[in-house]
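Novice:
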DNA sequence: ACCAAGAGTTGAACATGTTCAACTCGCGGA
DNA sequence: TCCGCGAGTTGAACATGTTCAACTCTTGGT
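Protein chains in written order, with the working numbering: chain X, 1 to 227; chain L, 1001 to 1227.
1) How would you list, in chain order, the residues of chain X whose beta-carbon sits under 7 Å from the beta-carbon of residue 1193(L)?
2) Going by DSSP in three states, residue 162(X) sits in which element: helix, strand or coil?
3) Does DSSP classify residue 1031(L) as helix, strand or coil?
4) With a threshold of 8 Å between beta carbons, is residue 1210(L) in contact with chain X?
5) Inspect the beta-carbon positions of residue 77(X) and residue 1111(L) and report whether they are closer than 8 Å.
6) Could you tell me the alpha carbon to alpha carbon distance between residue 26(X) and residue 34(X), rounded to whole angstroms?
7) Please check if any C-beta of chain L sits within less than 8 Å of the C-beta of residue 121(X).
8) Within 10 angstroms of its Cβ, does residue 3(X) collect 16 or more other Cβ (buried), or is it exposed?
9) Assuming residue 214(X) contacts residue 157(X) (C-beta within less than 8 Å), just tell me the rounded distance between them.
10) Is the stretch 1173 to 1181 of chain L touching the stretch 1070 to 1090 of chain L, taking contact as three or more C-beta pairs under 8 Å?
11) So, residue 1022(L) versus residue 1088(L), is the Cβ gap smaller than 8 Å?
12) When the distance is taken between beta carbons, is residue 96(X) closer than 8 Å to residue 173(X)?
13) Relative to the C-alpha of residue 160(X), which candidate in 80(X), 168(X), 12(X) and 218(X) has its C-alpha closest?
14) Give me the chain X residues within the contact set of residue 1148(L), using Cβ-Cβ distance strictly less than 8 Å, ordered along the chain.
15) Between 141(X), 103(X), 40(X) and 41(X), which lies nearest to residue 67(X) when the distance is taken from Cα to Cα?
16) For the stretch 1126 to 1142 of chain L, which residues have a beta carbon sitting closer than 7 Å to at least one beta carbon of chain X?
17) Residue 1225(L) CB to nearest chain X CB: under 8 Å?
18) In chain X, which residues lie with their C-beta within 7 Å of the C-beta of residue 1216(L)?
19) Beta-carbon within less than 8 Å of residue 1057(L)'s beta-carbon, same chain only, minus the 5 sequence neighbours each way: which residues are those?
20) Within 10 Å of its beta-carbon, does residue 169(X) have 16 or more other beta-carbons around it, so buried, or fewer, so exposed?
21) Residues of chain X with CB under 7 Å from residue 1201(L), in chain order?
22) What's the C-alpha gap between residue 229(X) and residue 134(X)?
23) Check residue 81(X) in the structure and name its three-state DSSP category.
24) Could you give the C-beta distance for residue 1138(L) and residue 1166(L), rounded to a whole number, given that I count them as a contact under 8 Å?
25) Taking DSSP as the reference, what is the three-state secondary structure of residue 1148(L)?
26) Taking the CB atoms as reference points, tell me whether residue 30(X) and residue 109(X) lie closer together than 8 Å.
Pasting the structure below:
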């Protein structure tokens, strides 16, 4: 974690470095952006950037937080735009589509996403301790999506569902990262087609024959989550 | 892709570099191993290593291939050891457990390996073009696991299942990479408990109410797989 | 007003993946 | 045997992430 700057000027310097980094990431990609270029555009020395961000990857962590906030806002707005339609499929589609829209601008340098995801020792992993706030905020979006819907599933499943849907979203991100189609058309298609199926599958969990297995799956998820 | 060397001496030099790299990766990890150290241990110049391997990451590809081969052998042996037991759950458990066994030796360094492997633009990504041979070999293990089992699912699902099970295995790997428990006990527990559930879920796919959705899911998987 | 302490800042130096022009060597053909 | 060509090899140079000792600036206490 980067320390919160003590003074107002320091906060501005930190913001300037972050803005410069995100701007350059967007225009030149992650590898194409040098720390020296970031520092220069921010009007500070190369070394000074390291006073605020202990590594180049930590700049990406700040980017995650920003992306997360943008998605939360866009998702809330999209859900608002549904005006009373409570079908879960509509709400889930809105949330996932909002993410693809928000993130599309950064698709080119998205490789760094999963580079961080797979490094378990790094605090940048979405599963890490350090990412807990951002992750829980993301899970919260799905909790709201579910709570405002007409979805009917068992109590146990409903409790785990927000986190499971976040996991699903990570899967979408994985697909998106590898999606080379223009404007990530294939990812959008995947979302459009997968959402109704997920809705149907969730409704199936209440069918007598299915219910037993689902309960056991939820039980496994629960025991595997905790340490 | 690295070119096949023309002469016998060149082939030996290439092998020496590779051996040195794998040795140092094991003892010092990926980041702790410098190309200069690899070259020195192989008895060549730093620059010469790049004549045979166009980047440090290309050296890791060899490690993956080795791991993949070891798993294929161990999985085959484990399936042999079942001696006629054709229950899919037994067979799947054997294959997944074999992977955890084989990989445990490298768990300490796996984090740094997979960090680099997870980048989609990297040839080390399991989804990349360059990894196609290793990936297909891994899928083939699951195909054999299914073919030798008593599993009864629809024709369409059965065709996609090997690839889906490979995906499941990638999920296990992701969990394993983050597993800090001694001897990766939690991953082993996950496999033990998840396998019977997967078996039950697969058998459920033939139930009339469920069948329709499953067909649609398979259809989606199919259309999303191809470009 | 002054001073000490600590925050903020710098530029140079370092480590390492990678590139490259130049060199050597081995071999097939004349 | 000798030549020339291309594979193989080198060491230095380069690019860039990162570190660090030294410096400056700000602030709070007396």
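Positions of the beta carbon are idealized from the N, C-alpha and C atoms, including for glycine.
Specialist: Reading off the structure:
1) 220
2) helix
3) coil
4) yes
5) no
6) 13 Å
7) yes
8) Unreliable positioning characterises residue 3(X) in this predicted model, as indicated by a pLDDT of 43, which lies under 50. The coordinate reading is nonetheless provided below. By the 10 Å Cβ count, residue 3(X) comes out exposed.
9) 6 Å
10) no
11) no
12) no
13) 218(X)
14) Ordered by position in chain X, no residue passes the 8 Å Cβ test against residue 1148(L), which lies about 24 Å from the chain.
15) 103(X)
16) 1127
17) no
18) 197
19) 1116, 1122, 1123 and 1124
20) buried
21) 213
22) Residue 229(X) cannot be examined here, being either before or after the span of chain X that is shown, 1 to 227.
23) helix
24) 6 Å
25) coil
26) yes
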